[in-house]
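In what follows, a structure is listed as structure tokens, so that the remarks can point back to it.
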Amino acid sequence: MTLTSAQAAKLLKKLNAILADIRRTEDKSSTFLAALGEDVESVRPEYSYEDTRKNEDAVKEAIRKVKHAINVFNTTTVIPEFNMTVDEMLVYIPQLTDKLAALASLKGRLPKERQSTYGVSSSNLIDYRYTNYDVEKAAADYAETADILSSAQLALDKVNTTCTMEIDIDI
């Protein structure tokens, strides 16, 4: 079966839902209640222990194969614009996001800002907080990082929706 990474992720989600359904059905049908004197066979739900194990094992095997294929894809597929594997990019993007958050705080400061003096009402002294860096440089770095993050996300999306992998499963 030939799939893109995005399709494989959707397949994995579907397989996990199938597994949850198998377990939910087993939970509801593996035991049952019958009142004293009631015909037990008339209230017995349809359930096969052996078939359930077989179906669960087959779905788990498919999940393993899909996860393995995604892992191999992520560690071997290079995103050309960044010369990084998908796996590296999945680390890089959160790092850029974290950097962007830090820069957002830095770029939003004033070079000189009056400091509040809570609880000191009789003081005639005014404290000022000064930035110890170039605020404009922080703003420029923020804009540059935002552009890189956007490009990284788009490049990753492109690879995940166009490059394919082979997965040996029958679903």
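Under our numbering, residue 1084 is the last one in the sequence shown; the count climbs by one each step, no gaps.
Note that CB positions come from ideal geometry on N, CA and C, so glycine has one too.
Please read all numbers here as calculations on a predicted model, not as lab measurements.
Would you list the residues sitting across from residue i in a DSSP beta bridge?
i: I992; result: M997
i: T917; result: T1077
With C-beta atoms as the reference, is residue i less than 8 Å away from residue j?
i: V1024; j: T1044; result: Reading the sequence as shown, one finds Pro at residue 1024 and not Val. Yes, the Cβ-Cβ distance between P1024 and T1044 is below 8 Å.
i: I992; j: A919; result: no
i: T1058; j: L1009; result: yes
i: L932; j: K978; result: no
i: N968; j: I935; result: yes
i: A1015; j: A921; result: no
For the putative contact between residue i and residue j, defined by C-beta atoms under 8 Å, what is the C-beta separation to the nearest angstrom?
i: L1062; j: L1013; result: 6 Å
i: S942; j: Y960; result: 4 Å
i: T915; j: E1079; result: 6 Å
i: E1041; j: E1026; result: Inspection of the sequence shows that residue 1041 is occupied by Tyr rather than by Glu. Between E1026 and Y1041 the Cβ distance is about 7 Å, and since that is below 8 Å, they are a contact.
i: T988; j: D1000; result: 5 Å
i: T990; j: V1072; result: 6 Å
Q. What runs of the beta strand (DSSP E), each 3 residues or longer, lie entirely inside the stretch 1013–1083?
A. 1025–1028, 1040–1043, 1077–1079
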